[in-house]
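A.B. asks:
Residue numbers (the working numbering), protein chains in the order written: chain A, 1 to 367; chain B, 1001 to 1267.
See below:
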């Protein structure tokens, strides 16, 4: 036990004396939260919109008036035809367009309802989704005004043309994503590098020749990064609550317990990686490519999984962060209890156990 | 492959101090290590006396490292017997590890720890008590004349000093035997000489020194040397006797004469 403490103390010396590690540990989470929270906010304002109004009646004028009244849209010059719309989309002048058919007013009274075409530039899918949602609610509002008693059969059916991203991204979903990413960086990348550095330096042989047990070497390496991951976790939570005014709805105890479980999964991965390679650079590369990239892409926090090719959707099932992301989203943002996340928790437990067993078994006692 | 040693553990503590005139620090008897069809260590037998400086020579790939790994308790032999500090290499690896020190050609201290922190860490890993670490480390620092540097990071020390410090750390827990794997690689001749003074001092204090080297002048400093060729010990005697036997007055020639017959290439 005393030996282990001496070892852990040494690990902390390493961490606190390495500026790069410190920067990754404490700079990264703060920068990421601020970036995702403010710079990459999915609330959109001042969207350029053009109207192709083939009807030019009272209804279309009122709808256009409603669109321009808020601060979300800037209504540009009306377009004359589709070709012009397309050109202006290409030029980046407008990000969305609304097309009214010729017989809009008369269609309103017909059983099938009137159709409006809403076109959005979905090269930025998140913005496009938000834009469409705004327009939908404006049109829905107008429909209600027309039909306060819900007796008449006025109906406007917006036909939405979007290339992808049908999931409505709430602006706070990035927080669990960032947490998962930070755990990956601290627990997987930094841990694997810390172990491999000893191999590179040659100090690993000294440790293996010493009476200190090899498994204890792994534990001594893992404990500091577990602690540091939790410190990062608390920093992110504090930033989320006090800077971004996020309301944590679910149980804090559950959130912490699930996080520790995920950290252990990440640590096991880090230890496994460190067993597979002998150089810090390779360890870093494997962590980055093999762990962090999937976390970014395949958890669903930046890009919606539903619209990816089937292969990637299937691939995403083996990415542990996907489950952690969904757990934290459910508990922290939706306030759900353990009964809603037990399946994901079970999967994480199985993954952690598997990875840890593999890491310990692979740990070779070689010079 | 492992043999059955019953009740061995009961007697192990006395193992190192069997009554007798010339006690053996290391005993190897027909030690063999086989990797598939490759015999890295081929039936080697030798004894190392307590307090002796034993040179373990051989070209790269001759099997020195494999043999040393077995003696340090890092791997099991395929067959044969060996005891280190009286402990069996099959059954008592943990005991062996407690009683040996180890230093390799790779620099083995932590650069971003201070001298004292390095000493504290290794002392701690070997289970030396905190008060004892304090006493011994201040002794060590003053013997090495490094009082001013004690709180500096090791990275600020010149290489020669680092190697001397690494050796001091390797024997900090007062092991019975210290294994030195090419300890003076890349060190200048003056520092090497000083380094060997330290080795002599350790031997005088009763620590058995088991050292590998490629420097033949260093081989001359050893009490006895063995030369490994293709996994076998081809020669074992004092440097003087070996030179006589091979009718030459330099260890270089002895080594060359022996290693020339080697069939194994590097690695």
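Quick reminder that beta carbons are idealized off the backbone N, C-alpha and C, glycines included.
By the 10 Å Cβ neighbour count, where 16 or more other Cβ atoms means buried, how is residue 1181 of chain B classified, buried or exposed?
C.D. replies: Taking the second chain and counting its residues from 1, the one referred to as residue 1181 of chain B is at position 181. By the 16-neighbour rule on beta-carbons within 10 angstroms, residue 1181 of chain B is buried.
A.B. asks: Within 10 angstroms of its Cβ, does residue 1189 of chain B collect 16 or more other Cβ (buried), or is it exposed?
C.D. replies: The count along the second chain starts at 1 and reaches residue 1189 of chain B at position 189. Flag for residue 1189 of chain B reads exposed.
A.B. asks: So residue 7 of chain A contacts chain B; which residues on that side make the cut at Cβ distance below 8 Å?
C.D. replies: Here residue 7 of chain A is taken as the residue at index 7 of the first chain, counted from 1. Ordered by position in chain B, the residues that pass the 8 Å Cβ test against residue 7 of chain A are 1121, 1124 and 1125.
A.B. asks: Is there contact between the segment 228–238 of chain A and the segment 308–321 of chain A, where contact requires at least three CB pairs shorter than 8 Å?
C.D. replies: no
A.B. asks: Which chain A residues are close to residue 1113 of chain B, counting only those with a beta carbon under 9 Å from its beta carbon?
C.D. replies: For this step, residue 1113 of chain B is matched to residue 113 along the second chain. Correct list: 10, 13, 14 and 17.
A.B. asks: Since residue 1025 of chain B and residue 1085 of chain B are thought to touch, with beta carbons under 8 Å apart, how far apart are those beta carbons, to the nearest angstrom?
C.D. replies: The sequence position of residue 1025 of chain B within the second chain is 25, counting from 1. The sequence position of residue 1085 of chain B within the second chain is 85, counting from 1. About 6 Å separates the two Cβ atoms, so the contact holds.
A.B. asks: Is residue 1234 of chain B close to chain A? Criterion is C-beta to C-beta, closer than 8 Å.
C.D. replies: To locate residue 1234 of chain B, count along the second chain from 1; it is residue 234. No, its Cβ sits nowhere closer than 8 Å to a Cβ of chain A.
A.B. asks: Quick check on the DSSP output: what are the complete beta strand (DSSP E) runs of length 3 or more inside the segment 53–133 of chain A, in order along the chain?
C.D. replies: Runs of the beta strand (DSSP E) inside the segment 53–133 of chain A: 73–75, 96–100 and 114–120.
A.B. asks: What does residue 2 of chain A touch in chain B if you count any residue whose Cβ is under 9 Å from its own?
C.D. replies: Position 2 of the first chain holds residue 2 of chain A. The answer, in chain order, is 1124, 1127, 1129 and 1130.
A.B. asks: Consult DSSP for residue 392 of chain A and reduce its assignment to one of helix, strand or coil.
C.D. replies: Because chain A here runs from 1 to 367, residue 392 of chain A falls outside it and cannot be looked at.
A.B. asks: Helix, strand or coil for residue 1194 of chain B, going by three-state DSSP, please let me know.
C.D. replies: Here residue 1194 of chain B refers to the residue found at position 194 of the second chain. Helix.
A.B. asks: Could you check whether the Cβ of residue 209 of chain A sits closer than 8 Å to any Cβ belonging to chain B?
C.D. replies: Reading the first chain from its first residue, position 209 is the one you call residue 209 of chain A. It does: the Cβ of residue 209 of chain A has a partner Cβ on chain B nearer than 8 Å.
A.B. asks: Would residue 262 of chain A pass as a contact of residue 183 of chain A if the rule is Cβ separation under 8 Å?
C.D. replies: Taking the first residue of the first chain as 1, we reach residue 262 of chain A at position 262. Taking the first residue of the first chain as 1, we reach residue 183 of chain A at position 183. The answer is yes: Cβ separation under 8 Å.
A.B. asks: Tell me, please, which residues DSSP counts as bridged to residue 1082 of chain B.
C.D. replies: On the second chain, residue 1082 of chain B is found 82 positions in, with the first residue counted as 1. In the DSSP assignment, residue 1082 of chain B forms a beta bridge with B:1028.
A.B. asks: Cutting at 7 Å between CB atoms, please list the residues of its own chain near residue 193 of chain A, excluding the five before and the five after it.
C.D. replies: Numbered from 1 along the first chain, position 193 holds the residue referred to as residue 193 of chain A. The residues are 280, 283 and 284.
A.B. asks: Compare the Cα-Cα distances from residue 253 of chain A to each of A:337, A:196 and A:220 and report the closest residue.
C.D. replies: For this step, residue 253 of chain A is matched to residue 253 along the first chain. Of A:337, A:196 and A:220, the residue nearest in Cα terms is A:337.
A.B. asks: Quick one: is residue 3 of chain A buried, meaning 16 or more other Cβ sit within 10 Å of its Cβ, or exposed?
C.D. replies: Looking up residue 3 of chain A in the first chain gives position 3. It is buried - the Cβ of residue 3 of chain A has at least 16 other Cβ atoms within 10 Å.
A.B. asks: Pull up the distance between the alpha-carbon of residue 290 of chain A and that of residue 271 of chain A, whole angstroms please.
C.D. replies: Residue numbering aside, residue 290 of chain A sits at position 290 when the first chain is read from its first letter. Residue numbering aside, residue 271 of chain A sits at position 271 when the first chain is read from its first letter. Each residue's alpha carbon lies about 14 Å from the other.
A.B. asks: Using three-state DSSP, classify residue 1182 of chain B as helix, strand or coil.
C.D. replies: Mapped onto the second chain, residue 1182 of chain B falls at position 182. Looking at residue 1182 of chain B - three-state DSSP - the assignment turns out to be coil, as it is neither helix nor strand.
A.B. asks: Going by other Cβ atoms of all chains shown within 10 Å of its Cβ, with 16 needed for buried, is residue 1 of chain A buried or exposed?
C.D. replies: Start at 1 with the first residue of the first chain, and residue 1 of chain A comes out as number 1. Classification for residue 1 of chain A: exposed.
A.B. asks: Indicate whether at least one CB of chain A lies closer than 8 Å to the CB of residue 1074 of chain B.
C.D. replies: In the second chain, residue 1074 of chain B corresponds to position 74, counting from 1. Chain A contact via Cβ: present.
A.B. asks: Taking one C-beta from the segment 1228–1237 of chain B and one from the segment 1203–1210 of chain B each time, how about it: are there three or more such pairs within less than 8 Å?
C.D. replies: no
A.B. asks: Would you verify that the beta carbon of residue 202 of chain A is, or is not, closer than 8 Å to some beta carbon of chain B?
C.D. replies: Against the first chain, residue 202 of chain A aligns to sequence position 202. So, interface residue.
A.B. asks: Report the CB separation of residue 185 of chain A from residue 351 of chain A in whole angstroms; it is logged as a contact under 8 Å.
C.D. replies: Your numbering for residue 185 of chain A matches position 185 in the first chain. Your numbering for residue 351 of chain A matches position 351 in the first chain. In fact, because the Cβ distance is near 18 Å, the residues do not count as touching under 8 Å.
A.B. asks: Name the two residues that bound the continuous beta strand (DSSP E) containing residue 1042 of chain B.
C.D. replies: In the second chain, the residue the question calls residue 1042 of chain B occupies position 42. Run containing residue 1042 of chain B: 1038–1049, per the beta strand (DSSP E) assignment.
A.B. asks: With DSSP run on the structure shown, which of helix, strand or coil describes residue 1273 of chain B?
C.D. replies: A query on residue 1273 of chain B cannot be resolved here, the shown segment of chain B reaching from 1001 to 1267 and no further.
A.B. asks: Cα separation between residue 1229 of chain B and residue 1104 of chain B?
C.D. replies: Taking the first residue of the second chain as position 1, residue 1229 of chain B is located at position 229. Taking the first residue of the second chain as position 1, residue 1104 of chain B is located at position 104. Between residue 1229 of chain B and residue 1104 of chain B, the C-alpha separation is close to 21 Å.
A.B. asks: Using a threshold of 8 Å, state whether the C-beta atoms of residue 49 of chain A and residue 75 of chain A are closer than that.
C.D. replies: What you label residue 49 of chain A is simply residue 49 of the first chain in a count that begins at 1. What you label residue 75 of chain A is simply residue 75 of the first chain in a count that begins at 1. Note that the C-beta distance between residue 49 of chain A and residue 75 of chain A is below 8 Å.
A.B. asks: Looking at the secondary structure, which residues open and close the beta strand (DSSP E) in which residue 1054 of chain B lies?
C.D. replies: Walking along the second chain from the start, residue 1054 of chain B turns up at place 54. Here the beta strand (DSSP E) through residue 1054 of chain B covers 1053–1058.
A.B. asks: For residue 325 of chain A, which residues of its own chain have a beta-carbon under 7 Å away from its beta-carbon, when the five flanking residues on both sides are left out?
C.D. replies: Position 325 of the first chain holds residue 325 of chain A. Cβ within range, chain order: 176, 177, 180, 299, 300 and 301.
A.B. asks: On the DSSP bridge list, what partners appear for residue 192 of chain A?
C.D. replies: Counting from one through the first chain, the residue named residue 192 of chain A turns up at place 192. None; residue 192 of chain A has no bridge partner.
A.B. asks: In or out: residue 375 of chain A buried (at least 16 other Cβ within 10 Å) or exposed?
C.D. replies: In the structure displayed, chain A extends from 1 to 367; residue 375 of chain A sits before or after that span and is not available.
A.B. asks: Take residue 1059 of chain B as the anchor and find which of B:1135, B:1032, B:1130 and B:1214 has the nearest alpha-carbon.
C.D. replies: The residue given as residue 1059 of chain B occupies position 59 in the second chain. Of the listed residues, the one whose Cα sits closest to residue 1059 of chain B is B:1214.
A.B. asks: Please tell me whether residue 332 of chain A and residue 255 of chain A are closer than 8 Å, where the distance is taken between their beta carbons.
C.D. replies: Taking the first chain and counting its residues from 1, one reaches residue 332 of chain A at position 332. Taking the first chain and counting its residues from 1, one reaches residue 255 of chain A at position 255. Cβ atoms of residue 332 of chain A and residue 255 of chain A: closer than 8 Å.
A.B. asks: If you measure from the beta carbon of residue 206 of chain A to each beta carbon in chain E, is any gap under 8 Å?
C.D. replies: The chain labelled as chain E is not found among the protein chains of the depicted structure, namely A and B.
A.B. asks: Please confirm if the segment 1171–1178 of chain B is in contact with the segment 1127–1140 of chain B, defined as three or more CB-CB distances below 8 Å between the two stretches.
C.D. replies: yes
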